[in-house]
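Colleague: This is the structure I have questions about; it appears just below.
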Ligand SMILES: Cc1cc2nc3c(=O)[nH]c(=O)nc-3n(C[C@H](O)[C@H](O)[C@H](O)COP(=O)(O)OP(=O)(O)OC[C@H]3O[C@@H](n4cnc5c(N)ncnc54)[C@H](O)[C@@H]3O)c2cc1C
Ligand SMILES: Cc1cc2nc3c(=O)[nH]c(=O)nc-3n(C[C@H](O)[C@H](O)[C@H](O)COP(=O)(O)OP(=O)(O)OC[C@H]3O[C@@H](n4cnc5c(N)ncnc54)[C@H](O)[C@@H]3O)c2cc1C
Ligand SMILES: Cc1cc2nc3c(=O)[nH]c(=O)nc-3n(C[C@H](O)[C@H](O)[C@H](O)COP(=O)(O)O)c2cc1C
Ligand SMILES: Cc1cc2nc3c(=O)[nH]c(=O)nc-3n(C[C@H](O)[C@H](O)[C@H](O)COP(=O)(O)O)c2cc1C
Ligand code: FES
Ligand code: FES
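Protein chains in written order, with my numbering: chain S, 138 to 464; chain X, 138 to 464; chain V, 2 to 248; chain P, 2 to 248.
Here you go:
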């Protein structure tokens, strides 16, 4: 494949300044060159011709299941005015297929590889984790938003007990650090965040896509083949930012922010709200080089915000009420 | 006050066609001339010079508390790229102040008056309901999203048991039909919807604003005086539509859709998803005459969708998977 | 940037200090979600037009800039309570900073019509940013103090010195100000010195501009009582009310 | 509507049936969130340009229309697997409907370069909507059947009659089609009659266009196996593969 990006933006940045702000952050035992990584399912080795992977803080794989899965019927994608809906349904080559195929290509990228794992029953999480435990992997990201067959299709991520059970179950089996990617549609993210921490999570990812729907008026059917889907992109940013703030306030482990991020300013907002790093999903579809552009913009933004190390931003949100003289 | 709307759109519609589609809908015992009403807090008698109230399906008051409340510190409003955040904090004149003041002005409008009521403890809901029970009111809309002091600030609306308790408590005291406006940030809206129905609700309103946050990078503080706020407007539409679909599927009482609606097509989407009527909030700020414009557009839209009565749309979403010949 | 709106009803009825809400979203668009309050810089009742000046700051004014002559813009107004000039006032001191001056200029216009005198102070970072100098002169202001940060003339000490020197002898009977906390404090000093009542026009984030959303209040004034609504109880307030509120 | 892109790398390397992803959001904008797959209607390797034709349908193409000459548009490509023309093929039948014809026109361009013959069918609702008639003629198509619903010539029965009458004697060795299920079935009949293999270019909603988002697949082919990815395994498919998938 030959790929041509006909847009000067990604290329003609000024990279020649003297003492640049330090963009590195530490997530558990992991030191990332910068806080930006892709969101699971919104990235793949196919992007290598467009993105220098080694410039990313880490890469995150699409969620891997123990067994092969075909995913959902078409349409799997629909655009909304402020983001998109998907019902891809996590097709997967299964852990064997993943190990011998995609994993090697992720590993060739020259940065940390975080492997997202999922399951339809608790035992499938254990299986896939054990299958991949000996690989050169920086962390597992446990996707607890998969529909759980033991709970009538409700995601494990909606219950603090089930999250704790799955996380500690995996923790007993493997030594790989565990990140837990939380489900956003819960009444109290703090409770689930604490449960994940107590069960041994090294970090949290907050959050996954939101449950959404759009309807095609002509045929009165969902714009997606499966009815509802995951709502992602800029429209969810205020929601994700609130969840990040609340989760970060509830735990001592690092939180990785995710949801609607598309600019360096968004990254700064998430870090100020409490995130140590961030993931970018939908914005990579809009412009495949978004993550690199964001990383390029982080240095100048740090200077504008007067921080030498980007990690100085983490969790510094000031909640004081600001009242001026004129009311 | 003199008000001039310098925009022809609201005025030069064609209203002279012969047999127009029937826009009326029935919510419990209430027959509405059309399915469009304002969302609580996004409307007031102050709009009378701009909107002929009698053209609205109903009017809904801002949430009334039993006792006078001052609301939150500034800033109470912030715009986001796809909607807005508010932390107004529901200032209220209390039920006495409301009865002698605003209520009369709503009643002068010539359409059904739905009074939104709230409380910081369960007993406050009972108090305000009793205070207003003898007034000429079409229904109470019970706002269960108020922070509840007996539950550490968590809204009653996040627990099926507490919703059932408050709704049946009010039901025992007053004869006015009860609409229950559900809280969106729950793992299963179906469960709460059923609890409200079983406790005696005549209809549900789905849903309220979503919890969101935005940060001002310059001073690293929330753009709102109180930190987080309610996220409303077009960005939440796919989320609200999904909740309406799920709630309507779970109950037999009518559901009133609310969240991100700004066009007649949006109304049709919500009705197809299961709503019997809709509420419009943020879009009234954008253009105060939005509701009238939407109502004007509903007739032609019904014709385009081939329905004689708009109520034929309700709950007709087709979930069949559409696959063409070419895959 | 300037917008001249063909709005005969507004031009005919607007009082100094009132504002309009301009919707920067075009018909069919949903963003920017909130309309923007804008002062009336000048009005021409004969032509049926009003003029608005604005600085491009964020998404709202960025969008306003995209409107072309001849396009319709959704406008509601005039709104709010403007300045109140008692019948016996002969001379009014107007003290504006930056874009805040736009809330004061129609006072000068009305003064000219009603035979009152205007003393105007317009303050800005630099001379390029000064607003209203020519407008005040054209509308018969007795004195126009154009002061800037660049040449130091806007510094409170310098400004108060020159104002007292020039006007102590025949001080104004009313002081109106808008656009700067520092100037509000300066006006307070002058108000006490000259025993002239003072009114301030204040800003707030607004959604409805009409008084029903309660978005523009600053919180509680006293136990259980909401502070005034800037859009409906103001935006012009007698200084006394403001001072009470500021708790 | 047409867009001519200065894209030397694309012009140099694109194969017939491949596509590009065009981002209709400008730099700094986040909507439309998804880029749009677009076929290359024609390419000019010398000038380093490619041409794209599109119909304005929804938000994406509405936005594309707003781009001005000289503006940059974010483009990724060429992408996907195009049509495969075996070395022994001398005559290719191209059957396109509406905007779908844009996926076939570069085949004619290549045929002309390589001395192969083109028979072209371009179908549309009415003559104003026909695409490629002049293009095909200019690029040496032996026959161009321009058929429309308006005059009834696009009806399958009428079309198959005229195609078999004219080409039964010396039938094409390859049939390529895009843009219509009805024409795909028609091509299938011809494919069987003439024993000529057939390839179809299909559309799907796409997010990445590169093969990693799995948004463009149609679901399961057989237990646990995902169907082909339209963007990476296609968009051009041998008809046999498609028929298997359609379960
Ligand atoms: C009574 C009144 C009169 C005004 N008159 C003028 C005028 O004549 N000319 C002019 O340029 N501006 C005026 N403003 C401010 C104007 O409404 C805009 O908010 C301001 O120009 C900010 O620009 P923006 O909307 O592009 O900023 P954005 O960043 O797009 O604003 C984001 C949000 O913050 C709010 N906001 C930001 N700054 C202010 C502010 N200073 N006051 C109120 N809300 C704010 C906006 O309303 C919006 O909700 C007035 C405000 C008030 C209350
Ligand atoms: C390989 C390929 C080549 C294409 N070549 C062309 C071309 O040369 N000229 C052209 O006009 N169009 C082409 N299309 C379709 C094009 O990508 C647009 O989707 C279509 O023009 C719809 O217009 P819109 O984006 O304005 O619609 P919108 O209503 O804005 O689309 C909404 C969403 O639906 C998707 N969608 C809607 N219709 C289609 C469709 N028919 N195919 C795929 N996705 C769709 C969009 O991608 C988007 O995600 C091609 C599609 C594919 C897959
Ligand atoms: C097409 C698509 C596929 C996705 N696949 C996965 C997945 O396999 N596992 C997962 O945990 N999240 C998945 N997600 C969710 C994203 O990782 C991310 O949490 C979400 O998109 C929110 O971020 P954004 O707004 O930046 O896109 C997917 C999202 C999209 C849009
Ligand atoms: C400024 C503002 C004030 C509101 N006040 C109330 C309220 O008092 N009671 C209530 O139940 N909902 C209140 N809401 C929520 C709205 O009624 C509505 O549920 C929400 O705005 C979603 O609809 P929308 O997207 O159309 O705005 C308020 C919303 C806004 C923006
Ligand atoms: S802006 Fe709505 S009450 Fe003042
Ligand atoms: S569009 Fe992403 S895999 Fe095909």
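Ideal placement from N, C-alpha and C gives every residue a C-beta, glycine not left out.
Bear in mind that the values here come from a model prediction, so they are computed numbers and not experimental data.
Below 7 Å CB to CB, which residues in the same chain sit around residue 323 of chain S once its five sequence neighbours on both sides are set aside?
Modeller: Same-chain partners within the cutoff: 295 and 329.
Colleague: Identify each residue in the stretch 59-86 of chain P for which the Cβ-Cβ distance to at least one residue of chain S is less than 8 Å, and report them in chain order.
Modeller: Within the stretch 59-86 of chain P, the qualifying residues are 60, 61, 73, 74, 75, 76, 77, 78, 79 and 80.
Colleague: Quick check: is the beta carbon of residue 99 of chain P nearer than 8 Å to any beta carbon in chain S?
Modeller: It does not: the Cβ of residue 99 of chain P has no partner Cβ on chain S nearer than 8 Å.
Colleague: Is residue 224 of chain X helix, strand or coil when you go by DSSP?
Modeller: If DSSP states are grouped into helix, strand and coil, residue 224 of chain X belongs with coil.
Colleague: Is it buried or exposed, residue 451 of chain X, if we count other Cβ atoms within 10 angstroms and call 16 or more buried?
Modeller: Residue 451 of chain X comes out buried.
Colleague: Would you kindly work out how many angstroms separate the C-alpha atoms of residue 405 of chain S and residue 354 of chain X, rounded to a whole number?
Modeller: Near 7 Å, if we compare the C-alpha coordinates of residue 354 of chain X and residue 405 of chain S.
Colleague: From which residue to which residue does the alpha helix (DSSP H) around residue 245 of chain S run?
Modeller: Run containing residue 245 of chain S: none; DSSP gives neither H nor E here.
Colleague: Closer than 8 Å is the cut-off here; do at least three beta carbon pairs connect the stretch 332-343 of chain S with the stretch 374-389 of chain S?
Modeller: Touching, yes, given that three or more Cβ pairs across the two stretches are closer than 8 Å.
Colleague: How big is the Cα-Cα spacing for residue 389 of chain X and residue 263 of chain X?
Modeller: Those two C-alpha atoms are separated by around 26 Å.
Colleague: Just to confirm before moving on: does the CB-CB distance between residue 378 of chain X and residue 351 of chain S stay below 8 Å?
Modeller: A contact, by the Cβ cut-off of 8 Å.
Colleague: Whose Cβ in chain X lies nearer than 7 Å to the Cβ of residue 318 of chain S?
Modeller: None at all; the shortest Cβ gap to chain X is about 16 Å.
Colleague: Under 7 Å: does the beta carbon of residue 207 of chain V sit that close to some heavy atom of ligand 4?
Modeller: Residue 207 of chain V Cβ: outside cutoff for every heavy atom of ligand 4.
Colleague: Is the beta carbon of residue 103 of chain P within less than 7 Å of some heavy atom of ligand 2?
Modeller: Result yes, Cβ under 7 Å from ligand 2.
Colleague: Does the stretch 418-426 of chain X come within contact of the stretch 176-196 of chain X, defined as at least 3 CB pairs closer than 8 Å?
Modeller: Yes, the stretch 418-426 of chain X is in contact with the stretch 176-196 of chain X.
Colleague: Rank P:219, P:175 and P:52 by C-alpha distance to the C-alpha of residue 94 of chain P and give the top, closest one.
Modeller: The option with the nearest alpha carbon to residue 94 of chain P is P:175.
Colleague: Are the stretch 72-82 of chain P and the stretch 154-168 of chain P touching, with three or more C-beta to C-beta distances below 8 Å?
Modeller: Output reads no: the stretch 154-168 of chain P does not touch the stretch 72-82 of chain P.
Colleague: How long is the line joining the alpha carbons of residue 120 of chain V and residue 216 of chain X, rounded to whole angstroms?
Modeller: Taking the straight line from one Cα to the other gives about 37 Å.
Colleague: Could you tell me which of X:417, X:408, X:421 and X:418 sits nearest to residue 446 of chain X, measuring between CA atoms?
Modeller: The option with the nearest alpha carbon to residue 446 of chain X is X:408.
Colleague: Can you tell me which residues form a DSSP beta bridge with residue 112 of chain V?
Modeller: The partner list for residue 112 of chain V (beta bridge, DSSP) is empty, contrary to what the question assumes.
Colleague: Between the beta-carbon of residue 265 of chain S and the beta-carbon of residue 203 of chain S, is there less than 8 Å?
Modeller: Contact: yes.
Colleague: According to the Cβ coordinates, are residue 421 of chain S and residue 391 of chain S closer than 8 Å?
Modeller: No, the Cβ-Cβ distance between residue 421 of chain S and residue 391 of chain S is not below 8 Å.
Colleague: For a test of the three-state rule: what should DSSP assign to residue 207 of chain P, helix, strand or coil?
Modeller: In the structure shown, residue 207 of chain P sits in coil (DSSP, three-state: anything other than H, G, I, E or B).
Colleague: Quick one: give me the first and last residue of the alpha helix (DSSP H) that residue 189 of chain P is part of.
Modeller: Run containing residue 189 of chain P: 182-195, per the alpha helix (DSSP H) assignment.
Colleague: Could you have a look at residue 461 of chain X and say whether DSSP puts it in helix, strand or coil?
Modeller: At residue 461 of chain X the pLDDT is 26, less than 50, meaning the model places this residue with poor confidence; the figure from the coordinates comes in the next sentence. Correct three-state label for residue 461 of chain X: coil.
Colleague: Is any heavy atom of ligand 2 found at a distance shorter than 7 Å from the C-beta of residue 68 of chain P?
Modeller: Checking the Cβ of residue 68 of chain P against ligand 2 gives no.
Colleague: Please state the DSSP three-state secondary structure of residue 368 of chain S.
Modeller: In this structure, residue 368 of chain S counts as strand in the three-state DSSP scheme.
Colleague: Determine which residues of the stretch 424-438 of chain X have a Cβ less than 9 Å from any Cβ of chain S, and write them out in chain order.
Modeller: Answer in chain order: 438.
Colleague: For the stretch 245-268 of chain S, enumerate the residues whose C-beta is nearer than 7 Å to any C-beta of chain P, in chain order.
Modeller: From the stretch 245-268 of chain S, no residue has a Cβ closer than 7 Å to chain P.
Colleague: Using a Cβ-Cβ distance cut-off of 8 Å, determine whether residue 399 of chain X contacts chain V.
Modeller: It does; some Cβ of chain V falls within 8 Å.
Colleague: Using a Cβ cut-off of 8 Å (strictly closer), state whether residue 379 of chain S contacts chain X.
Modeller: Answer yes: the Cβ-Cβ gap between residue 379 of chain S and chain X drops below 8 Å somewhere.
Colleague: Near residue 453 of chain S, what residues of its chain come up, given a Cβ to Cβ distance below 6 Å and the 5 sequence neighbours on each side ignored?
Modeller: These residues qualify, in order along the chain: 409.
Colleague: Taking buried to mean at least 16 other C-beta atoms within 10 Å of its own C-beta, is residue 15 of chain V buried or exposed?
Modeller: Buried is the call here.
Colleague: Pairs of beta-carbons, one from the stretch 147-161 of chain V and one from the stretch 195-206 of chain V, closer than 8 Å: are there three or more?
Modeller: These segments do not touch.
Colleague: Would you say residue 304 of chain X and residue 315 of chain X are within 8 Å of each other, going by their C-beta atoms?
Modeller: The answer is yes: Cβ separation under 8 Å.
Colleague: Identify whether residue 3 of chain V lies in helix, strand or coil by the three-state DSSP scheme.
Modeller: Here residue 3 of chain V sits in strand by DSSP.
Colleague: With DSSP collapsed to three states, give me the class of residue 41 of chain V.
Modeller: Residue state, collapsed to three classes: coil.
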